[in-house]
Amino acid sequence: MTSQVSSPAEQTDAALVGEQRASGNGAEGKEVRRLDRVIIRFAGDSGDGMQLTGDRFTSETASFGNDLSTLPNFPAEIRAPAGTLPGVSSFQLHFADHDILTPGDAPNVLVAMNPAALKANIGDVPRGADIIVNTDEFTKRPMAKVGYATSPLEDGSLEAYHVHPVPLTTLTIEALKDFGLSRKEAERSKNMFALGLLSWMYHRPTEGTEAFLRAKFAKKPDIAEANVTAFRAGWNFGETTEDFAVSYEVAPATKAFPTGTYRNISGNLALSYGLIAAGRQADLPLYLGSYPITPASDILHELSKHKNFGVRTFQAEDEIAGIGAALGAAFGGALAVTTTSGPGVALKSETIGLAVSLELPLLVVDIQRGGPSTGLPTKTEQADLLQAMYGRNGEAPVPIVAPRTPADCFDAALDAARIALTYRTPVFLLSDGYLANGSEPWRIPDVDELPDLRVQFASGPNHQLADGTEVFWPYKRDGQTLARPWAVPGTPGLEHRIGGIEKQDGTGNISYDPANHDFMVRTRQAKIDGIEVPDIEVDDPADDNGQGARTLVLGWGSTYGPITAAVRRVRRSGERIAQAHLRHLNPFPRNLGEVLARYDKVIVPEMNLGQLATLLRARYLVDARSHTQVSGMPFKAEQLAEVFKEAIND
């Protein structure tokens, strides 16, 4: 995703300009209205460029200084059947002049490029919303494909909405008539016409998009200029047509961000940058052994661009080879990573168990998606928690870290690396498709804010035998962390065995002794249980009498945004409710049991069938109430708010 940088100073300047524009009418005497937030959804065929359109609008919105959150939603097929409901691709953007947490429950504006896009999305559009429709596509055949017997633009079915019929295709072709393009080539730019129109409606900057188009099509300058022309034509259409009598302004979110330099960032990009930062802070080469899989592939693509930071990427022939290479790199002294999704985790499970036995640092990044099996590759889910916790043969405990927002993926990657390097263990990093593809503003940290992750490799003998001989014992542990020494191959005098067969405590020799196996199993578990993680923090505002809430909402991972937005709604209605969110799922924070015991009711929303709730019930014997959803889409704040209110009053 193209970066956009803004600072509070720039945001303040933009806000002043916005105030001046909002105080009067725009060009052609058109009215300009000030809004505090807007939710826009671009929807069309998967070949209509909706993701690019949404991405460009997002980038300019970030440049302007609004807070924002996005939700890309697209088919799993590379090219789904044109004009069909399964082939609809959409991009939703929520931007505001204040702090926001989700892409929004329902769009204020729907841009529908064809009948399929309208039919697939109209159920989410509230009464009174604006719908911009490409009328050129509402002909008999495209409508028949999705079951429209009559045109919804003419049969009165859209009377509850403000419909703006725009012949996007015709207008785009007319705007590009001097470029000598075929009709098909000219049609491809209709998404830029739509982007120009929406950019005019919401006073978005244009320079960045024009520069992006010229850079993207640098080898085809005629195509670049055609897209720029279509973009400008859309802007001019909004400026001159009588159908759009009002434009809108959403001021920069000057109070939402601490001072700093910001950019728009997706979860996968933030995670990639976090891994690079971890390698630099550990002063270790970063090695990625991976096999492409949706929605994790972007991390492989991004890391492959950064050889200058000591990053090595290996696209293996399959999942097993990818993690095998990564584990080999860990043995060789690298910060090793493998990226995948749920199906790949299943294939990697044996090697993860080997990493547990070898006690080597390895980051297993699981970008969760809908399952089981191939499932819903481009949709989101949180259903890999129990797989990460228990999905290996034998007792093979692995720490689990879960980011909560796209920007938080950066910090979570650093945290996972800290644990892996300090405790010599594989670590699961559980993101998901919602975080991976969604985006939000991210404050770029100063280097001196990042943790020091440097480790000491073993450099000589660490044990003295009874006869006084000094030797190297590969499983002689640190008294505090229980981590074994990390010996880089080739270091003189540090020769030692590795492998999957059980080791003897200390020496690392092969051992089938029952007592030794029992000791090693319990020691590996104790090492994970002893990992230092912060206590969980609870947001529980007391009432005027100092009484806190009796109901707690506990979430993990990407449910943070919808849960927090829902909690805010509940509190605005006068109800008391507490909220806490888990980053560390193994081990749990040490104060979690005490926190859960303070509340009469504990609600656990999850995009699975209650996996965290199951763990909490087993561990703490609390009556954790699940609220679950496995639709492939994130929770809506309004839906959760109703669930929370019912629980409070139950």
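When you line the sequence shown up against the working numbering, it's residues 2 to 651, in that order.
From the three backbone atoms N, C-alpha and C, an ideal C-beta is built for every residue, glycine too.
In this text the structure is predicted, and so the values were computed from the model without any measurement.
Check your understanding: How big is the Cα-Cα spacing for lysine 646 and valine 571?
Key -> Counted from its first residue, the sequence shown places residue 646 at position 645. Counted from its first residue, the sequence shown places residue 571 at position 570. Their backbone Cα atoms lie some 7 Å apart in a straight line.
Practice item. Counting only runs of 3+ residues fully inside the region 134-170, write out the beta strand (DSSP E) ranges in chain order. Key: Those beta strand (DSSP E) runs which fall completely within the region 134-170 and span 3+ residues are 163-167.
Exercise for review: Using 10 angstroms around the beta-carbon of serine 342, count the other beta-carbons present and answer buried if the total reaches 16, otherwise exposed.
Suggested key: In the sequence shown, counting from the first residue as 1, residue 342 sits at position 341. Buried, since its Cβ has 16 or more Cβ neighbours within 10 Å.
Check your understanding: Residues in its own chain within less than 6 Å of valine 644 by CB, not counting five upstream and five downstream?
Key -> Numbered from 1 along the sequence shown, position 643 holds the residue referred to as residue 644. Result list for valine 644: His628, in chain order.
Point to revise | Length-filtered (3 minimum) beta strand (DSSP E) runs lying within the region 531-563 | key: 552-557
Check your understanding: Where does valine 247 fall in DSSP's three states?
Key -> Counted from its first residue, the sequence shown places residue 247 at position 246. Correct three-state label for valine 247: strand.
Exercise for review: Identify every run of the beta strand (DSSP E) within the region 312-370, keeping only runs that are complete inside it and at least 3 residues long; order them along the chain.
Suggested key: 312-316, 336-341, 363-369
Point to revise | Three-way DSSP call (helix, strand, coil) for tyrosine 391 in this model | key: The residue you call residue 391 lines up with position 390 of the sequence shown. In this structure, tyrosine 391 counts as helix in the three-state DSSP scheme.
Review point. Using the rule of at least 16 other Cβ atoms within 10 Å of the residue's Cβ for burial, across every protein chain shown, is asparagine 26 buried or exposed?
Key: Taking the sequence shown and counting its residues from 1, the one referred to as residue 26 is at position 25. The predicted position of asparagine 26 is uncertain, since its pLDDT is 49 and thus under 50; no value can be drawn from it.
Check your understanding: If you count every other CB in all the chains shown that lies within 10 Å of the CB of lysine 256, and 16 or more means buried, which is it?
Key -> Along the sequence shown, one-based indexing puts residue 256 at 255. With fewer than 16 other Cβ atoms within 10 Å, it is exposed.
Point to revise | Cβ-based neighbour list, leucine 214, same chain, cut-off 6 Å, excluding 5 preceding and 5 following | key: As a working mapping, residue 214 is identified with position 213 in the sequence shown. Excluding residues up to 5 positions away in sequence, Ala225, Asn228, Val229 lie with their Cβ nearer than 6 Å to the Cβ of leucine 214 in the same chain.
Review point. Between leucine 199 and alanine 337, what straight-line distance do the alpha-carbon atoms span, to the nearest angstrom?
Key: Locating residue 199 in the sequence shown gives position 198, counting from the first residue. Locating residue 337 in the sequence shown gives position 336, counting from the first residue. Roughly 44 Å separates the two Cα atoms.
**Study point:** glutamate 145 to serine 158 span [Cα, whole Å]
**Key:** As a position in the sequence shown, residue 145 is number 144, starting the count at 1. As a position in the sequence shown, residue 158 is number 157, starting the count at 1. One point to set straight first is that residue 145 is alanine, not glutamate, in the sequence displayed. Whole-angstrom Cα-Cα distance: 16 Å.
Point to revise | At least three beta-carbon pairs within less than 8 Å, the region 532-543 to the region 569-585 | key: yes
Practice item. Can you say whether leucine 172 is buried or exposed, counting buried as having 16 or more other CB atoms within 10 angstroms of its CB? Key: The residue you call residue 172 lines up with position 171 of the sequence shown. Buried is the call here.
Review point. Around the Cβ of phenylalanine 139, are there at least 16 other Cβ atoms within 10 angstroms (buried) or fewer (exposed)?
Key: Taking the first residue of the sequence shown as position 1, residue 139 is located at position 138. When all chains shown are included, phenylalanine 139 counts as buried.
Review point. So, helix, strand or coil for alanine 92, using DSSP?
Key: If you number the sequence shown from 1, residue 92 lands on position 91. Here the sequence assigns phenylalanine to residue 92, which means alanine is not the residue at that position. Three-state DSSP puts phenylalanine 92 in a strand.
Exercise for review: Measure the alpha-carbon distance for leucine 272 versus proline 76 and round it to whole angstroms.
Suggested key: Numbered from 1 along the sequence shown, position 271 holds the residue referred to as residue 272. Numbered from 1 along the sequence shown, position 75 holds the residue referred to as residue 76. About 24 Å.
Exercise for review: Within its chain, find whatever has a CB closer than 7 Å to the CB of tyrosine 424; leave out the 5 residues flanking it on each side and keep chain order.
Suggested key: The residue you call residue 424 lines up with position 423 of the sequence shown. Result list for tyrosine 424: Thr482, Ala484, Lys528, Ile532, in chain order.
Review point. Alpha carbon to alpha carbon, how far is arginine 444 from isoleucine 649?
Key: In the sequence shown, the residue the question calls residue 444 occupies position 443. In the sequence shown, the residue the question calls residue 649 occupies position 648. C-alpha separation (whole angstroms): 36 Å.
Practice item. Count the other CB atoms, across all protein chains shown, that sit within 10 Å of the CB of serine 320; report buried if there are 16 or more and exposed otherwise. Key: Looking up residue 320 in the sequence shown gives position 319. It should be pointed out that residue 320 corresponds to glutamate in this sequence rather than to serine. Glutamate 320 comes out buried.
Exercise for review: Would you mind working out which of Pro398, Pro442, Pro427 sits nearest arginine 525, comparing C-alpha positions?
Suggested key: The residue labelled residue 525 in the question sits at position 524 within the sequence shown. Checked all of Pro398, Pro442, Pro427; the closest Cα to arginine 525 is Pro398.
Point to revise | Residue span of the beta strand (DSSP E) that contains lysine 31, given as start and end | key: For the purposes of this step, residue 31 is identified with residue 30 of the sequence shown, where counting begins at 1. Unbroken run through lysine 31: none, as it is neither H nor E.
Check your understanding: Got a sec? Which residues, its chain only, sit under 8 Å from asparagine 609 by beta carbon, not counting five neighbours each side?
Key -> Within the sequence shown, residue 609 is the residue found at index 608, counting from 1. Closer than 8 Å at the Cβ level, and outside the excluded window around asparagine 609, lie Glu382, Gln383, Ala384, Leu386, Thr629, Val631.
Practice item. Counting only runs of 3+ residues fully inside the region 53-123, write out the beta strand (DSSP E) ranges in chain order. Key: 68-74, 89-97, 110-113
Practice item. Have a look at Asp519, Arg591, Leu555 and flag the residue whose alpha-carbon is nearest the alpha-carbon of leucine 613. Key: Translated into positions along the sequence shown, residue 613 becomes position 612. For the residues Asp519, Arg591, Leu555, the minimum Cα distance to leucine 613 belongs to Leu555.
**Study point:** Status (buried if at least 16 other CB within 10 Å, exposed otherwise) for phenylalanine 429
**Key:** Locating residue 429 in the sequence shown gives position 428, where the first residue counts as 1. Under this definition phenylalanine 429 is a buried residue.
Point to revise | Reference asparagine 438, options Ser183, Leu270, Ala150, closest by Cα | key: Walking along the sequence shown from the start, residue 438 turns up at place 437. Asparagine 438 has its Cα closest to that of Leu270, out of Ser183, Leu270, Ala150.
Point to revise | Segments of 3+ residues assigned as beta strand (DSSP E) that fall wholly inside the region 595-650 | key: Listed in chain order, the complete beta strand (DSSP E) runs (minimum 3 residues) inside the region 595-650 are 602-607, 625-629.
Review point. In three-state terms, what does DSSP make of asparagine 517?
Key: As a position in the sequence shown, residue 517 is number 516, starting the count at 1. In the structure shown, asparagine 517 sits in a helix (DSSP, three-state: H, G or I).
Check your understanding: What separation, rounded to the nearest whole angstrom, lies between the Cα atoms of asparagine 517 and lysine 602?
Key -> Translated into positions along the sequence shown, residue 517 becomes position 516. Translated into positions along the sequence shown, residue 602 becomes position 601. Here the C-alpha atom of asparagine 517 lies approximately 44 Å from the C-alpha atom of lysine 602.
Practice item. Tell whether a beta-carbon distance below 8 Å holds between proline 168 and aspartate 137. Key: Stepping through the sequence shown from its first residue, residue 168 is reached at position 167. Stepping through the sequence shown from its first residue, residue 137 is reached at position 136. In this structure, aspartate 137 lies closer than 8 Å to proline 168 by Cβ.
**Study point:** Span separating the alpha-carbon of proline 108 from that of glycine 55
**Key:** To locate residue 108, count along the sequence shown from 1; it is residue 107. To locate residue 55, count along the sequence shown from 1; it is residue 54. Rounded to the nearest angstrom, the two C-alpha atoms are 13 Å apart.
Review point. Terminal residues of the continuous alpha helix (DSSP H) containing asparagine 192?
Key: Position 191 of the sequence shown, counted from the start, is the residue given in the question as residue 192. Per DSSP, asparagine 192 belongs to the alpha helix (DSSP H) from 191-202.
Practice item. Assign isoleucine 300 to buried or exposed, taking buried as 16 or more other Cβ atoms, counted over all protein chains shown, within 10 Å of its Cβ. Key: For the purposes of this step, residue 300 is taken as the residue at position 299 of the sequence shown. Answer is buried; the Cβ neighbour count reaches 16.
Exercise for review: Give the DSSP-derived three-state secondary structure of glutamine 465 in the structure shown.
Suggested key: By one-based count along the sequence shown, residue 465 stands at place 464. Glutamine 465 falls in the strand class under three-state DSSP.
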